[in-house]
Amino acid sequence: MDTYSLEGELTIFTAAQLKPELLNFLHSSTAPELNLSAVTECDTAGLQLLILLKREATLTGKSISFMMHSKAVIEVLELARLTSQFGDPIVLAHS
Amino acid sequence: MSFELDDDMKAALVTFIQESVELLQELEDRLMILSGQDSSDDDIQAIFRCAHTIKGTAGLFGLDAIVRFTHIMENVLDRVRKHELDINPDLIGLLLKSGDHLRVLVDAASHGRETTSPEQLALGEYLLNQLKSYQNTLELPKTSANTQHKVETINTPQSASGNWLLFLQFNEHCLRDGMDPLAFIRYLTTLGDIVELSTFAHNMPDAEHMDPETNYLSFEIILSSNADKETIAAAFEFVREGSVIHIIPLEHRIPYYVELINSLSPEDAKLGELLIKCGVITQHELDQGLNTQSTDTTANKPIGEILVEQRVVQQPIVNAALTKQKDLKEQKARENRSIRIDAERLDKLIDLIGELVISTSVATLSAKQVRSVALHEAHAHVNSLVEAVRSSALQLRMVAIGTVFSRFQRVVYDISKELNKDIKLVINGAETEVDKSVVEKISDPLTHMVRNAMDHGIETAAVRLARGKPEQGTVKLNAYHSSGSIVIEVSDDGNGLDKDKILSTAINRGLIPPGTELTEQEIYALIFEPGFSTATQISNLSGRGVGMDVVKRNIHDLRGAIKINSEIGLGTTIEIHLPLTLAIINGFLTKVGDISYIIPLDRVIECLELPTNEQHDYMELRGEVLPFIRLREVFNNTGPISKRQNVIVVEHLGLKAGLVVDRLLGELQTVIKPLGELFSHVQGVNGSTILGSGEVALIIDVATLLAQQEKLMQASLTSALAHIN
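Chains as they are written, first to last, in full-length UniProt numbering: chain A, 1 to 95; chain B, 1 to 725.
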């Protein structure tokens with residue numbers, strides 16, 4: 001199991017740089033896991049990347065799990081009502 | 001939300017400000033009615049509508065402070081409307097203050113600011129809290145500060161079902177433009193509760209082609225909110241371009257909107273306007289629909305159909321609106337309509353017509369030299385048309401004085417509270433029409449006079465009862481037309497003016513030397529002198545000796561005059577005589593030597609020939625002594641004297657005199673051109689005009705000449721008496 005730890009912003013400012021990195025990670029790993037505990041900020045661009053990863057995983061017959069969601073990520077997923085669709089257990093890592 | 005508007009929006013904002021000011025005035029007027037006995041449910045409805053309309057429009061401009069404030073007001077008013085809450089003096093007082101606060105906010109918005117001074121903010125918060133104590137529901141508009149809290153509860157099942165279906169697909173560039181769709185959704189939570197939300201990513205291309213900086217997401221939201229469509233749409237004001245945004249009332253709300261449409265007043269007969277009025281569609285959506293309608297001419301579809309096709313509104317609502325529209329059209333034919341015109345444009349028109357009047361007389365004069373009957377007839381026709389145009393143009397400027405008077409309900413209400421006196425205001429002649437420029441300038445002087453009447457005129461309740469008067473004092477405002485002027489009366493049933501007290505005060509203040517003999521009017525006129533105040537106690541409102549002299553100056557600037565009637569213990573009436581219009585007068589053209597003088601026709605009583613050999617400064621006219629004012633002497637005119645001179649009898653405020661001139665040239669209509677600064681000190685002339693011949697004529701200020709004459713006579717009388725003694 002491979003884990004990729006996202007750190008800092010997951011926003012329009014980092015999306016262009018993160019997209020190839022995250023896709024590479026997804027394609028190179030068999031059971032990818034994304035640690036979101038250090039994501040400080042998340043916006044629509046960030047949310048789109050998360051959606052893209054989930055979709056790409058399904059398309060390639062894999063499953064990517066997101067874990068240790070930070071508060072910023074939870075807020076966005078709740079707002080977009082995608083928590084259940086993504087199906088990852090959410091643990092409040094940082095209170 | 002930032003407060004940057006494009007030009008279109010700026011123009012719209014101006015309209016909003018104007019409308020709001022009017023609505024706030026209506027709100028105030030209706031509140032004043034509510035505080036009286038004969039109020040009705042209509043008044044409450046109207047007040048509610050005012051608050052509601054302001055809120056709706058303010059939302060369109062993103063004026064959150066106004067929206068937030070009116071929202072609470074609306075809630076309270078809604079309870080009053082439903083008879084859940086009784087109206088009482090405290091609540092009226094609070095609502096009046098709230099109206100004032102809104103005025104400040106609207107005023108700030110008109111200057112492009114959203115925030116006001118810290119004091120105003122504090123006052124706003126205070127009023128909000130007061131208002132909140134009247135609203136029982138917990139539903140408050142949430143500020144974005146609450147968002148954090150909101151997110152935690154978002155998954156709890158909502159019992160209330162939503163009433164708006166929103167479909168939002170923001171344009172592709174919005175992310176790069178710094179606009180985050182999620183932020184807009186967060187903002188929606190401040191307008192209401194998001195009952196359901198689905199995120200769609202079906203527009204996102206495959207991973208390789210997906211541009212991480214392009215927006216692909218779209219959202220479908222069910223929003224439970226009391227906000228109207230305009231308010232919700234306003235949230236998306238800045239991303240509207242290129243975005244697909246639909247805001248549709250949910251199916252089960254349709255009966256509500258159908259009912260709403262049926263209850264609308266007949267102000268808007270257009271289908272689109274009806275729909276906007278009840279908040280089903282926004283102006284922008286209508287414009288888009290109309291645009292489609294005009295570009296796609298082949299289809300020739302009615303606007304209702306297009307709106308339904310554009311997923312803006314559902315068919316049943318359109319049907320209801322269509323039916324209503326038909327009813328309204330029939331009603332409308334019978335109703336008067338009014339147009340809002342920029343005052344400047346109107347002034348320009350009046351100006352031009354003034355020039356036209358002058359040019360017409362030039363043309364007529366030249367035509368006389370050409371002995372052609374046809375030309376003569378044509379000119380007669382042109383003249384009568386110009387005359388008609390002139391009078392209807394002047395009528396355009398006429399407004400009912402009631403617009404100023406009604407403001408005083410509030411003034412009297414406030415001041416009587418401050419003074420702790422029970423005073424009512426009675427208004428008569430509110431429908432009397434007067435030139436708009438006069439109306440604008442009369443408001444301040446009237447305020448001073450009403451304040452003065454309430455403060456100094458009306459006695460305290462105890463004194464009134466002791467004098468056998470009703471405990472409640474009365475201040476009356478009255479207006480009527482009288483021979484070419486408008487007379488405005490401010491009267492009270494209070495103390496009346498004490499001549500001796502006024503005289504002694506004036507002497508104490510050094511306004512007049514001791515022992516001066518004055519007429520009744522002159523004594524009364526002293527209260528308008530700068531630095532005069534008989535109030536032993538200086539109150540908040542009056543008694544500082546400022547104000548009444550301002551009144552005098554303002555009235556004088558309007559070419560008006562003041563007359564006072566008073567009876568000790570019974571009350572005082574102050575009459576203000578003002579010219580109906582400031583722009584054009586009917587005059588009587590006369591000549592002294594080579595110079596033309598115009599005497600305002602409404603001051604002229606009759607014309608006589610001066611008896612030859614009359615060397616006195618007076619003549620006998622039907623048993624009365626008529627003093628002369630020789631214009632030749634007044635203006636040091638040294639032109640050739642004609643053999644036969646004429647006397648024009650003029651009258652103003654009960655004073656009569658005969659103006660001695662050389663020749664009478666007849667009536668004419670003329671535009672008053674103000675004299676330049678250089679001539680402002682010249683007495684007896686208050687304007688000039690250019691005659692058809694191109695010659696300049698001076699317009700005589702009859703009131704001043706008469707007043708001077710009166711003074712001279714008093715002086716000579718006094719000295720004559722002194723001789724005898």
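Even glycine gets a Cβ: it sits at the ideal position worked out from N, Cα and C.
It should be emphasised that the depicted structure is a prediction, and the values quoted were computed from it without experimental measurement.
Minimum Cβ-Cβ distance from residue i to chain A less than 8 Å
i                 : result
Ser198 of chain B : yes
Leu217 of chain B : yes
Leu191 of chain B : no
Ala201 of chain B : yes
Arg240 of chain B : no
Ile47 of chain B  : no
Ile232 of chain B : no
Arg186 of chain B : yes
Met204 of chain B : yes
Leu140 of chain B : Since pLDDT at Leu140 of chain B reaches only 39, below the 50 mark, its modelled position is unreliable, and the value read off the structure follows with that caveat. Leu140 of chain B does not count as touching chain A.
Cβ separation of residue i and residue j, assumed to be a contact under 8 Å, to the nearest whole Å
i                      : j                 : result
Thr572 of chain B      : Asp498 of chain B : Rounded, the Cβ-Cβ distance is 10 Å, inconsistent with contact.
Ile690 of chain B      : Ile358 of chain B : 6 Å
residue 767 of chain B : Leu82 of chain A  : In the structure as shown, chain B begins at 1 and stops at 725. Residue 767 of chain B is therefore absent and cannot be evaluated.
Ile415 of chain B      : Arg464 of chain B : Going by Cβ atoms, the distance from Ile415 of chain B to Arg464 of chain B rounds to 17 Å, so no, they are not a contact pair.
Ile585 of chain B      : Ile672 of chain B : 6 Å
Ser224 of chain B      : Asp193 of chain B : 5 Å
Lys132 of chain B      : Ile72 of chain B  : 6 Å
Phe528 of chain B      : Ile562 of chain B : 7 Å
Ile356 of chain B      : Ser693 of chain B : In the sequence on display, residue 356 of chain B carries Leu and not Ile. With a Cβ gap of about 17 Å, Leu356 of chain B and Ser693 of chain B do not count as contacting.
Glu575 of chain B      : Val487 of chain B : 6 Å
Phe48 of chain B       : Leu128 of chain B : Actually they do not touch by this definition, with Cβ atoms about 18 Å apart.
Minimum Cβ-Cβ distance from residue i to chain B less than 8 Å
i                : result
Lys19 of chain A : yes
Ile51 of chain A : yes
Leu79 of chain A : yes
Leu10 of chain A : no
Ala93 of chain A : Note that Ala93 of chain A has pLDDT 48, beneath the 50 cutoff, so the model's placement of it is unreliable and the number below is only indicative. Judged by the 8 Å Cβ criterion, Ala93 of chain A is not in contact with chain B.
Leu6 of chain A  : no
Tyr82 of chain A : The sequence shown places Leu at residue 82 of chain A, rather than the Tyr named in the question. Yes, Leu82 of chain A lies at the interface with chain B (some Cβ there is under 8 Å from its Cβ).
Contact set for residue i: own chain, Cβ-Cβ below 8 Å, skip 5 residues either direction
i                 : result
Ala16 of chain A  : none
Glu620 of chain B : Leu626
Asn637 of chain B : Val592, Gly593, Ile595 and Leu631
Cβ shell of residue i (< 7 Å), same chain only, five flanking positions each side left out
i                 : result
Glu26 of chain B  : Ala46 and Cys50
Ile92 of chain B  : Leu31, Leu34 and Ser35
Leu665 of chain B : Leu589, Thr590 and Lys591
Val696 of chain B : Ser688 and Ile690
Ala363 of chain B : His379
7 Å Cβ cut-off: residues of chain B touching residue i
i                : result
Asp43 of chain A : Asp180 and Leu182
Proximal chain A residues relative to residue i, where beta-carbon distance stays under 7 Å
i                 : result
Leu175 of chain B : Ile12, Thr44 and Ala45
Ala207 of chain B : Leu23, Leu52 and Glu56
8 Å Cβ cut-off: residues of chain A touching residue i
i                 : result
Asp398 of chain B : Looking at the sequence itself, residue 398 of chain B is Met, so the reference to Asp does not match. Within chain A, no residue comes near Met398 of chain B; the closest Cβ sits about 58 Å away, beyond 8 Å.
Under 8 Å from the C-beta of residue i: neighbouring residues of chain B
i                : result
Val76 of chain A : Leu182
Close Cβ partners of residue i (< 6 Å) along its chain, the five nearest in sequence each way excluded
i                 : result
Glu196 of chain B : Ile222
Asn75 of chain B  : Gln135
Asn46 of chain A  : Note that residue 46 of chain A is Gly in the sequence shown, not Asn. Leu10 and Thr11.
Phe66 of chain A  : Leu34, Leu36 and Asp88
Gly242 of chain B : Asn171
Contacts that residue i makes with chain B (C-beta to C-beta distance below 9 Å)
i                : result
Ala16 of chain A : Asp211, Pro212 and Glu213
Q) Quick one: any contact between the segment 385-397 of chain B and the segment 419-429 of chain B, if contact means 3 or more CB pairs under 8 Å? A) As far as the Cβ criterion goes, the segment 385-397 of chain B does not touch the segment 419-429 of chain B, which means the pair count is below three.
Q: Pair every Cβ in the segment 60-73 of chain B with every Cβ in the segment 370-389 of chain B, then say whether three or more of these pairs are closer than 8 Å.
A: no
Q. Quick check: the segment 10-27 of chain A against the segment 40-57 of chain A, are there 3 or more CB pairs under 8 Å?
A. yes
Q) When the Cβ atoms of the segment 587-598 of chain B are set against those of the segment 513-524 of chain B, are three or more pairs found closer than 8 Å? A) no
**Q.** Meets three-Cβ-pair contact criterion under 8 Å: the segment 243-250 of chain B and the segment 163-181 of chain B
**A.** Contact between the segment 243-250 of chain B and the segment 163-181 of chain B is present, with at least three C-beta pairs closer than 8 Å.
Q: Count the C-beta pairs between the segment 648-663 of chain B and the segment 599-617 of chain B that are closer than 8 Å, then say yes if the count reaches three, no if not.
A: Because the criterion of three Cβ pairs below 8 Å is met, the segment 648-663 of chain B and the segment 599-617 of chain B touch.
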